[in-house]
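A short worksheet on the structure shown next.
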Amino acid sequence: MEKIGVFICTSCDIEKRLNIAELENAAREQGAAAVYSREFLCSKEGKAFIEEKIKQDGLNAVAICACSPRVNYDVFEFENVAVERVNLREGVVWSRFLVGEGGEILEDIAEYVQGVPFKNELMALAKDYVKMGVAKLQVYKFPEPFKPEEEISKTILVIGGGVAGLTAALEAANAGYEVVLVEKEKELGGFVAKMKAHCEINHPFKNIVPPIVNELISQVEGNEKIKVYKKATVASIAGMPGLFNVKINVDGKEEEVKIGAIILAAGFKPYDASKLTHLGYGSIKNVITNVQFEEMAKEGKFVRPSDGAPIKSVLFIQCAGQRDENYLPYCSGYCCLASLKQAKYIREADPSAKAFIIYDHMRTMGIYENFYKTLQDDPGVFLTKGKVVEVSEGENGKVKVVVDETLLGEKLEINVDLVVLAIGMVPVTAEEPVLNLEYRQGPGLPPDELELFYGYADSNYICFPYETRRTGIYAAGAIHQPMTIAQAIEDARGAALKAIQCLVAIEEGHAVHPRTWDFAYPEFDLKMCTQCKRCTEECPFGALNEDEKGNPLPNITRCRRCGTCFGACPQRIINFKDYSIEMVGNMIRATEMPEQGYGLYRLMAFVCENDALPALDMAAYQKKPLPVTFRIIPVRCLGAVNVSFVKDAMSKGYDGILLLGCKYGENYQCHFIKGSELANRRMENVAETLQQLALEPERVTLHTVAIDEIDEAVKKMNDFNEEIKGFEENPFKGW
Amino acid sequence: MANEIIKVEPDLGVIKEIQTLGGDAVKKCYQCATCATVCPLSPDEAPFPRKQMILAQWGFKDRLLNDPAIWLCHNCGDCSKYCPREANPGEVLAALRLSVIKEATPFKFLHTFYSKAWGFPILILIALFFILLATIATFGGIPNFFDADSFPYGGPSYEIWILHLPARVLMIDVIFLPLAVFVIIILLASLNRIWNAYVETYKIPQAYRYGMWTILKTYLIPAISEILNHTRFEKCEANKWRALPHKVLLWAFILLALTTAIVFVMADILGFHTPWNPLLHPVKWLGNIGGLMLLYGIISIALGRSQAEREKSVRTSYPDSFLIYLILLIGITGFGIEIFRSIPGIRSITSLIYIAHLVFVFILFLGVAYSKFAHLAFRTTAVIFDLYFKDISQKMS
C-alpha cells in the first residue's frame with residue numbers, strides 16, 4: 000500500500016498516558032503519508048473525519064491507533080481501504096502499568112529502573128505498535144475473492160436415506176437447492192422404517208406414533224428437486240466444495256455427478272450382540288436384542304423364540320455392552336427410551352404382562368422425561384437401577400436373571416419369558432470411510448479425529464457442531480452423535496443449513512469456516528518448492544493434494560485459511576495477500592531496539608487471536624498489568640507462525656519470544672485442530688538451533704491458555720518476563 | 000440380608016390395591032430419597048419411606064406389611080411436600096397402613112365395609128340389627144321409639160345374681176361386652192401375627208427374642224408415655240398443627256373410656272343407676288369434659304385437614320374422612336342425648352338420637368379392629384417394637 004494514513008485516537012486514557020505528538024512522529028518516520036489525531040474516532044463524527052481525510056488525501060490504507068481489533072470492527076470499515084487496527088487501548092494504556100512492591104499501581108513518571116521513568120518504556124512500546132501498524136500496511140495487498148474457472152455446482156449430496164438424510168434432503172430442497180440422495184438399501188427410510196412405532200417428536204412427548212419416516216419418504220419421492228439413488232453407494236469423491244466430482248455406484252453401474260456440498264447421514268449399525276455372551280446372548284434363545292424385539296413388535300407376534308409360548312414378562316437390560324471400556328465406551332442415548340417404548344408395546348398387547356427395566360442410569364434425553372414419567376405410572380412396569388450378575392436358563396423355558404445392587408437393597412431373582420438387551424449404536428464411520436474421498440490424506444474423515452469420538456463424525460466444538468475436518472462435508476444424525484429421532488431431525492436441519500452456508504461462501508469467494516470474512520487464501524510459489532510435503536501432510540483439513548512429483552496441489556475451497564501450511568513451509572513459498580512472511584518480518588524490523596547494554600529487555604509475543612488474545616483483552620478490561628517489555632503480534636493460529644518469525648525477532652535483538660496459543664491434546668481447543676501442537680513441535684526444532692548458537696533454548700517458549708484463563712495468561716507472560724531476566728541480553732542486538 | 004436372593008413375582012393386584020387405597024401416585028417415585036432425608040421421624044439405621052416406595056412399586060406386599068416403619072410414620076407430610084415427583088410418599092404409607100389392617104385381621108370383608116363409602120349403610124344395618132335384637136330381648140318386645148320413657152328409660156328390670164340391671168343397661172351390656180371381647184380377640188390375633196413378622200423381618204437373633212411379658216414390662220410403659228406425649232408426632236414439620244388436636248382427641252378418648260369404666264362399675268355392678276345430674280355429678284363432669292375435648296379435637300382435625308389439603312401437604316382419603324365424621328357424629332349424638340332429654344318439648348325423640356349414638360359407637364367399637372382406628376393398636380405395637388429393636392441393636396453392638 001502506498002498512501003497510508005495514521006489516525007490516533009486520544010480518548011479512553013490514550014492521551015492521558017501517552018504523548019500523542021511523539022506517536023505522530025513515529026508514524027511519519029515509518030513512512031505514513033498522513034497522520035491525524037482526534038478524540039473518539041469511533042464516534043459518528045470520528046468516522047466521518049476519517050472518511051473525509053481518506054478522500055482528501057487519497058489514502059488507500061489506514062492505521063487506526065485506538066482500541067483492540069476485537070471491538071468496533073464494524074465501525075472502522077472503509078470501502079476499498081485497507082484497515083489496520085493498532086491496539087493502543089487494551090494493548091498499552093489499559094494493560095501496562097508500573098507495579099510497586101506492594102502490588103499498587105504507580106505513576107508513569109516513577110522510575111522503572113534507575114534513571115529511566117516508566118513513561119519512557121511505555122512510549123517506546125506505543126511507538127513500536129504504531130510503526131508496526133504502518134509497516135504491516137506497507138506490505139499489505141488487497142485480497143481478491145477466490146473464483147474457480149469451472150462453474151461451481153450448488154447441488155447438495157446427501158449420503159443416507161434415513162430420517163436424518165430425508166430431512167436434510169427436504170430442508171435443502173425446500174430452500175431451493177438441487178439434492179442428490181444416495182441410499183444403499185433398496186428402499187428409503189433407514190432404521191426408523193423398520194420400527195413398529197417411536198416416541199412422538201412433538202409436545203407432549205408422552206405417546207408413541209407410527210414411524211414418521213413414511214411421511215418423509217413420500218415427500219422426498221414427490222419432490223422434483225431431489226434425485227434419489229437407491230441401492231447406491233458413493234464410489235468416490237474428488238475435487239473440493241463447489242466442485243466435487245462424485246461417482247455413484249448404482250446397482251453396479253457408475254454415474255458421475257457434480258456436487259457443491261455434502262451431508263453425511265449414513266447412520267449407524269446396531270452393536271454386535273454376539274460379543275455379549277455374558278448376558279446369555281447366543282446361548283439362550285429367549286435372550287434377544289432391542290432390534291430383534293422391535294422386529295417382533297412390528298410383526299405383532301409376542302412369542303418366545305424358544306417354544307412359541309406367549310410372552311407374559313420381559314426384562315430389559317439397559318446399557319448392554321455400553322458405557323463399558325470393553326464394549327462400547329459411550330452412552331448411545333436412545334436405548335432407555337427404546338426400552339420404555341418396548342415395555343409399552345408389551346403392556347398394551349397384554350394388560351397382565353410385566354416389563355422389568357434394569358438400568359444403570361435412566362437417561363431419556365430432553366423432554367422425553369415426560370415419556371419416562373408416563374411409563375413409570377404404569378403399574379406393570381418395574382424399574383430399578385441394578386447390575387445384572389447372572390442370566391441363565393430358568394424353569395419352564397423362562398430366563399432367570401439375577402440383579403444385584405438394586406434400589407431395593409437386595410439381590411433379586413427375576414424369571415421372565417424374554418430378556419431384551421438394550422444394545423447401542425455404532426456409527427458406520429467407525430468401520431468404513433463411507434465418503435471414499437480422493438484426498439491425499441485418505442478416503443475417510445481423519446482417523447485421529449474419529450478416534451477422539453469413538454468413530455463418530457463429530458466435531459470438537461460446541462460452537463461448530465456440524466463441522467467435520469473435511470470442509471463442505473457436514474455430518475447429521477446417528478453418524479454424527481448417538482441420538483434419538485427427534486434429535487436427528489433437528490440435526491439434519493442444521494446440517495442442511497451448514498451445507499447451504501458453504502455454497503454461499505464459495506459463491507462469494509471467501510473462506511467457508513470459521514474465518515467467514517476472509518477473502519485471502521494461501522498462494523504457492525511452486526518454483527521454489529522442495530517437495531518436502533510438510534504442507535500436504537500437516538494441513539488439518541486435507542486441503543492439499545499432491546502431483547506425482549510431490550508438489551502441493553491446493554484446493555482452495557477446502558482451505559480454512561488457518562495458515563498451518565504457511566507456518567510449516569521451510570521455503571516460505573506459501574503466503575496470503577494480507578498475511579505473509581515479509582509482512583511479519585517488516586513489522587519486527589519496524590520496532591526500535593535499544594543498543595546492547597541498555598539493560599532493559601524487549602520481548603516478542605505471538606498470540607493466537609482466537610482464544611489467547613481475547614483473554615489478554617479481558618485482562619486489560621480488568622486492568623491486570625502485563626510486562627511493558629512485550630510487543631504482541633496477533634496471529635490467526637499458532638500453526639501460522641513460521642520459524643522465520645522467530646529468526647527475524649531473534650536477529651532483531653529480542654531477548655525472548657513467547658508463543659501463546661490454545662490447549663492441545665485430547666481435549667484440544669484449537670480452532671484449527673493442531674495449530675499450537677504443531678507450533679510446539681516446530682519450536683522444539685528452534686530450541687536446538689538456539690543451543691547451537693549458544694543461546695538458552697528457554698528464550699523461545701510456547702504456552703497454552705483457554706479463553707477464560709485470564710489470570711493464567713497474565714501470569715504466564717509475567718513469569719516468562721522474570722525468567723528472561725535471568726539471562727544475558729540477546730547478543731544479536733544492534734547487528 | 001444383603002446376600003440373600005429375593006425371588007420377584009410382582010402381583011399387579013397389590014400395586015393397584017395400594018393405588019386405590021390412596022397411594023395412587025406410588026409409581027411416580029424415582030428413588031431420589033428426598034423423602035427419607037426430610038422426614039423428621041425417619042431413623043438413621045433404617046430410614047423410610049424411600050425404600051417402602053420402591054417395595055410398593057414392585058408389589059412386595061409381604062415385606063411392606065411386615066415392616067414396622069410404616070407405623071412409625073405419622074403422615075407429617077414433609078415427604079409429600081418436598082417430593083419432586085409428587086409421588087406422595089406420606090399417602091402411600093397411609094395406604095399401606097390400611098392395607099396392613101386389612102391383611103392382618105380376620106374377617107376381611109368387615110374391613111371392606113370400612114374402606115368403601117357403600118359399606119357405611121351396611122355397617123349401620125349391622126349395628127341396628129344387633130341393637131334391635133338386644134332391645135327386643137331386653138325390653139321384652141319392641142318399645143316405643145318415640146317416647147323416651149318407653150325407650151331407653153323404660154322396660155323391665157332384671158335381677159341377675161347380685162346385680163340389679165334395668166333393661167337399658169342390660170341391653171348395652173349384651174351388645175357391647177361381646178363386641179369388646181370380639182374386637183380384643185381379633186386385635187390380639189393380628190398383633191401377634193405382625194409382631195412375629197417384625198421379628199422375622201428384622202432377623203432378631205434367638206437370644207434376643209424375649210417373652211411377651213418381658214417385652215411388655217420393659218417397653219410398654221415407655222411406648223405408652225411416648226404416645227401420650229405425642230413425642231414423635233410433635234417432630235412433624237409440614238403438618239405441625241396435627242399433633243395438638245390429635246393429642247387432645249387421644250386424651251378425650253381416655254377420659255371417655257374412664258367415664259364409661261366408672262359408670263360400668265358404679266351402675267352395672269354397684270347398682271347406682273343413671274340418670275345423674277349432669278351439672279352436679281363428678282362423673283358427668285368427666286364425661287362432659289371428655290366429650291368437649293373430643294369435639295374440639297375432631298373439629299380441629301377436620302378443619303386442619305381441609306386447610307392442609309389446599310396446601311397439598313396431606314390428602315384425605317375415604318377411610319380418613321370416614322373416621323373423622325364418625326367420631327364427630329358420636330360427639331354430636333352424645334351431647335344430643337343430654338340436650339334432648341333435658342328439654343321437655345323435644346324429649347320424646349331422645350330415643351332416636353340414643354339409637355343413632357349407639358349405632359355410631361357400635362361402628363367405632365368394631366372399627367377399633369377394622370377401620371383406620373386400628374392404628375391405635377398397631378402403632379403402639381410398632382412403637383414397642385421400635386424401642387425393643389433399638390435397645391437390642393445397642394446391646395448387640
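Here the protein sequences line up with chains Z and E, keeping their order.
Position one of the first sequence corresponds to residue 0 (numbering that gives the first Met the number 0), numbered consecutively onward.
Position one of the second sequence corresponds to residue 0 (numbering that gives the first Met the number 0), numbered consecutively onward.
We treat Cβ as the ideally placed atom computed from N, Cα and C, and that holds for glycine.
In this structure, V157 (chain Z) lies near A168 (chain Z), with their beta-carbon atoms less than 8 angstroms apart. A straight-line Cα-Cα distance of about 33 angstroms links A26 (chain Z) and F726 (chain Z). When Cβ-Cβ separations below 8 angstroms define contact, I225 (chain Z) makes no contact with chain E.
Of all residues in the stretch 57 to 70 of chain E, only W57 place a beta-carbon less than 7 angstroms from a beta-carbon of chain Z. Relative to the Cα of W70 (chain E), the nearest Cα in the group E:L327, E:F138, E:I193 belongs to E:I193. Nearest in C-alpha terms to F334 (chain E), of all of E:G366, E:Y317, E:W284, E:A373, is E:W284.
Take E21 (chain Z), set aside five residues on each side of it, and the residues of its chain with a beta-carbon closer than 7 angstroms to its own are M122, K126, in chain order. Per DSSP, reduced to three states, the secondary structure at K297 (chain Z) is helical. Contact with chain E is found for T383 (chain Z), since one of that chain's Cβ atoms lies less than 8 angstroms from the residue's Cβ. The straight-line gap separating the alpha-carbon atoms of P432 (chain Z) and G541 (chain Z) is approximately 15 angstroms. Looking at the DSSP output, A65 (chain Z) shares a beta bridge with Z:N86. The contact set of Q375 (chain Z) on chain E, defined by CB atoms closer than 9 angstroms, consists of K26, K27, C28, Y29, Q56, R84 in chain order.
For the pair P626 (chain Z) and N720 (chain Z), the CB atoms are nearer than the 8 angstroms cut-off. For V180 (chain E) and F129 (chain E), the gap between their C-alpha atoms comes out near 15 angstroms. If you check each beta-carbon in the stretch 349 to 360 of chain Z against every beta-carbon of chain E, the ones closer than 7 angstroms belong to S351, K353. I345 (chain Z) has a beta carbon lying at 8 angstroms or more from every beta carbon in chain E. R630 (chain Z) is bridged by DSSP to Z:M603. Linking K46 (chain Z) to V74 (chain Z) through their CA atoms gives a straight-line distance of about 7 angstroms.
CA-CA distance, E102 (chain E) to V367 (chain E), rounds to 15 angstroms. For D710 (chain Z), there is no enclosing beta strand (DSSP E); the residue is found in the alpha helix (DSSP H) stretching over 709 to 724.
Around the beta carbon of R309 (chain E), a 10 Å sphere encloses fewer than 16 other beta carbons of the protein chains shown; the residue is thus reported as exposed. Apart from the 5 residues on each side of it in sequence, K410 (chain Z) sits with its Cβ closer than 8 angstroms to the Cβ of V388, V401, V402, D403 in its chain, given in chain order. When Cβ-Cβ separations below 8 angstroms define contact, P9 (chain E) makes contact with chain Z.
Residue range 374 to 395 is occupied by the alpha helix (DSSP H) that includes H374 (chain E). Less than 8 angstroms divides the Cβ of K130 (chain Z) from the Cβ of T590 (chain Z). Per the DSSP secondary-structure output, N641 (chain Z) pairs with nothing in a beta bridge. For the stretch 73 to 132 of chain E, the continuous alpha helix (DSSP H) assignments of 4+ residues that do not extend past its boundaries occur at 77 to 81, 88 to 103, 107 to 114, in sequence order. Identification of chain Z residues near Q18 (chain E) by a Cβ-Cβ cut-off of 9 angstroms yields P378, ordered along the chain.
Look at E394 (chain Z): its C-beta is not under 8 angstroms from any C-beta on chain E.
Looking at the DSSP output, G344 (chain E) sits in no beta bridge, so it has no partner there.
In this structure, L434 (chain Z) places its C-beta atom within 8 angstroms of the C-beta atom of L263 (chain Z). Contact fails between the stretch 238 to 245 of chain E and the stretch 272 to 281 of chain E, because fewer than three Cβ pairs, one in each stretch, are under 8 angstroms apart. Rounded to the nearest whole angstrom, the CA to CA distance from R468 (chain Z) to G188 (chain Z) is 27 angstroms. Close partners of K50 (chain E) in chain Z (Cβ separation under 9 angstroms): L406, L407, G408. For K15 (chain E), the chain Z residues whose Cβ falls inside 9 angstroms of its Cβ are P378, in order along the chain. With its beta carbon at least 8 angstroms from every one in chain E, V162 (chain Z) lies outside the interface.
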